[in-house]
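Q: Dropping a structure here in structure tokens format, bear with me for questions.
If you want it as structure tokens, here you go:
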């Protein structure tokens, strides 16, 4: 079974803190994704990566950066957390064409920024 | 407005009843994913439809893509508490775009 794990299920941070969200997948997938999910808005793509050290901006990259130093790990970084980044963050991975194949999701990290 | 519109936004159904959730696009769909999300958790893949008129089933859940490929419906027969959650549709374009989700509550 594909497994995508995220470092924390719940996280509370203060405004201005640097926040790291980690995602690890065990299926040797080339593609990894970070989404945020807000009520009424569905999932919005923040960044995705199609290979080690490669990244592409999604719809809402502002205020975020990513790192993919190893194939299995994709990190989302909030450089200076703000209250409007309070959200559910979902990581996903897949192989092959990134938009034409099922994405496997982690359990999510619910981040609250105070 | 969302490129993919889901209706209804939320639904409360008596256990054992049937229900339908819709996902509508203003553009032709070249594929349509259905996922389910239990509250506060990640998404679980249900099925993908690609051809106009295609219909797929998984246990008591059936999804269909209409002939014009602009709408998909997801139908649950004899609903159970385990069906409760949020159902999301997603469509591949230059990336994957998502509907806002339909929240399903099953009343015992």
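Residue numbers (the numbering used here), protein chains in the order written: chain W, 1 to 114; chain B, 1001 to 1108. Glycine included, C-beta positions come from ideal geometry on N, C-alpha and C.
Exposed or buried, residue 94 of chain W, counting other C-beta atoms within 10 Å across all chains shown (16 or more means buried)?
A: So residue 94 of chain W counts as buried.
Q: Check each candidate in W:88, W:73, W:14 and name the one with the smallest Cα separation from residue 48 of chain W.
A: Taking only the C-alpha atoms, the option nearest residue 48 of chain W is W:73.
Q: Does the beta carbon of residue 1032 of chain B sit closer than 8 Å to a beta carbon anywhere in chain W?
A: Residue 1032 of chain B does not count as touching chain W.
Q: When you compare the region 37-47 of chain W with the region 3-20 of chain W, are there three or more beta-carbon pairs, one atom per stretch, that lie closer than 8 Å?
A: The answer is no - the region 3-20 of chain W does not touch the region 37-47 of chain W, with fewer than three Cβ pairs under 8 Å.
Q: Mark residue 1058 of chain B as exposed unless 16 or more other C-beta atoms lie within 10 angstroms of its C-beta, in which case mark it buried.
A: Exposed, because fewer than 16 other Cβ atoms sit within 10 Å of the Cβ of residue 1058 of chain B.
Q: Strictly under 8 Å for the Cβ-Cβ distance: is residue 61 of chain W near chain B by that measure?
A: False, the Cβ-Cβ gap to chain B never drops below 8 Å.
Q: Along the chain, where does the beta strand (DSSP E) that runs through residue 114 of chain W open and close?
A: That residue, residue 114 of chain W, is in no beta strand (DSSP E); it is neither H nor E in DSSP.
Q: If you compare alpha carbons, which of B:1033, B:1036, B:1007 is closest to residue 1024 of chain B?
A: Nearest of B:1033, B:1036, B:1007 to residue 1024 of chain B, Cα basis: B:1007.
Q: Throw me the rounded Cβ distance for the residue 18 of chain W and residue 79 of chain W pair, which I believe falls under 8 Å.
A: Yes, residue 18 of chain W and residue 79 of chain W are in contact; Cβ-Cβ is about 6 Å, under 8 Å.
Q: Where does the unbroken beta strand (DSSP E) through residue 1026 of chain B begin, and where does it stop?
A: Residue 1026 of chain B -> no beta strand (DSSP E), and no H or E assigned at all.
Q: Is it the case that the Cβ atoms of residue 1044 of chain B and residue 1051 of chain B are separated by a distance below 8 Å?
A: No, the pair does not count as a contact, with Cβ atoms beyond the cut-off.
Q: Assuming residue 66 of chain W and residue 34 of chain W are in contact, meaning their beta carbons sit under 8 Å apart, how far apart are those beta carbons, in whole angstroms?
A: About 6 Å; that satisfies the 8 Å criterion.
Q: Determine the direct distance from the alpha carbon of residue 1089 of chain B to that of residue 104 of chain W, and round the result to whole angstroms.
A: Taking the straight line from one Cα to the other gives about 15 Å.
Q: Tell me the DSSP secondary structure of residue 984 of chain B in three-state form.
A: Past the edges of chain B, shown from 1001 to 1108, lies residue 984 of chain B, and the structure says nothing about it.
Q: So which residues of chain W does residue 1095 of chain B contact, with C-beta pairs closer than 7 Å?
A: By Cβ distance, chain W contributes 45, 58, 99.
Q: Since residue 1096 of chain B is in the beta strand (DSSP E), which residue starts that stretch and which ends it?
A: Note, residue 1096 of chain B: beta strand (DSSP E), 1096-1098.
Q: Return helix, strand or coil for residue 1081 of chain B, following the three-state DSSP convention.
A: The answer is helix: DSSP assigns residue 1081 of chain B an H, G or I state.
Q: Output yes if chain W places a C-beta closer than 8 Å to the C-beta of residue 1101 of chain B; else output no.
A: Yes, contact with chain W.
Q: Would you check if there are 3 or more beta carbon pairs closer than 8 Å linking the region 1012-1028 of chain B to the region 24-32 of chain W?
A: No, the region 1012-1028 of chain B is not in contact with the region 24-32 of chain W.
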